[in-house]
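For reference, the structure discussed in these notes is given below.
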């Protein structure tokens, strides 16, 4: 027998490689909390830097003054993107699944893009009609002040990049990419994941009042459904970016 032959050493059986695994409910939730904290830390670091750069004090009044500044808001939104990407990379690397595959970063058809654009246009248009009928502002009032502040600092272009590119990227990677992927493969299923991730995404927009929060929630439902039906997070990133860009233009126009 070969096993008794000194010239032929016994063959060692290597254990099979660990199969890729998706983070389940609690893993997705805890990593999601860490992702949010990392984003928050990045944004707070920008606020502190701006206070020091302007010679202000690290007090409630100093923070309130700086946070209302358009340039500070732009830089803080931009700072959140690399922090989110970094923690996502660490979390997904442990699963053995490629980064793009885990987050649904795959292309989709032009038909799906058109359907998404039409659906988003109808939804936002309906909310605008309800807002006008109720005698409300079509856009949040503070957004006009933010735009004017950014324009005073010659940073309007930076604000557009932050709102229409950086924010849609990290928000969609977090909500429709990370949260949806993990929660949809639990007992929640796709529709439970759409509901829960949309609620989390809405809570991230507490700077708005109840009316705009309801609108954000409905948009979250639409984006979640499109993520489920197409499997593409790039689609929701595109739609999110176009929606924010249109909202920025609308606010700029209404603010004069």
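Residue numbers (full-length UniProt numbering): 1 to 256.
Quick reminder that beta carbons are idealized off the backbone N, C-alpha and C, glycines included.
Expected contact under 8 Å - CB spacing of residue i and residue j to nearest Å
i           : j           : result
residue 160 : residue 248 : 6 Å
DSSP state of residue i mapped onto helix, strand, coil
i           : result
residue 206 : coil
residue 146 : helix
residue 85  : helix
residue 188 : coil
residue 22  : coil
residue 172 : helix
residue 113 : helix
residue 91  : helix
residue 47  : helix
residue 237 : helix
residue 179 : helix
residue 69  : coil
residue 134 : coil
residue 106 : coil
residue 57  : coil
residue 247 : helix
residue 242 : helix
residue 224 : helix
residue 231 : coil
residue 125 : helix
residue 139 : coil
residue 154 : coil
residue 42  : helix
Euclidean distance between Cα positions of residue i and residue j
i           : j           : result
residue 86  : residue 108 : 26 Å
residue 143 : residue 20  : 44 Å
residue 156 : residue 186 : 43 Å
residue 211 : residue 141 : 13 Å
residue 24  : residue 153 : 45 Å
residue 93  : residue 132 : 48 Å
residue 148 : residue 43  : 21 Å
residue 41  : residue 32  : 14 Å
residue 234 : residue 215 : 21 Å
residue 162 : residue 29  : 26 Å
residue 224 : residue 193 : 8 Å
residue 252 : residue 114 : 26 Å
residue 137 : residue 158 : 25 Å
residue 209 : residue 190 : 28 Å
residue 222 : residue 213 : 14 Å
residue 48  : residue 226 : 38 Å
Cβ-Cβ distance between residue i and residue j below 9 Å
i           : j           : result
residue 76  : residue 46  : yes
residue 88  : residue 173 : yes
residue 34  : residue 91  : yes
residue 96  : residue 169 : no
residue 112 : residue 164 : no
residue 217 : residue 230 : no
residue 264 : residue 104 : In the structure as shown, the chain starts at 1 and stops at 256, and residue 264 therefore has no counterpart that could be examined.
residue 196 : residue 188 : yes
residue 81  : residue 166 : yes
residue 228 : residue 184 : yes
residue 200 : residue 102 : no
Status (buried if at least 16 other CB within 10 Å, exposed otherwise) for residue i
i           : result
residue 254 : exposed
residue 83  : buried
residue 69  : buried
residue 26  : exposed
residue 38  : buried
residue 116 : buried
residue 181 : buried
residue 236 : buried
residue 146 : buried
residue 100 : exposed
residue 55  : exposed
residue 126 : exposed
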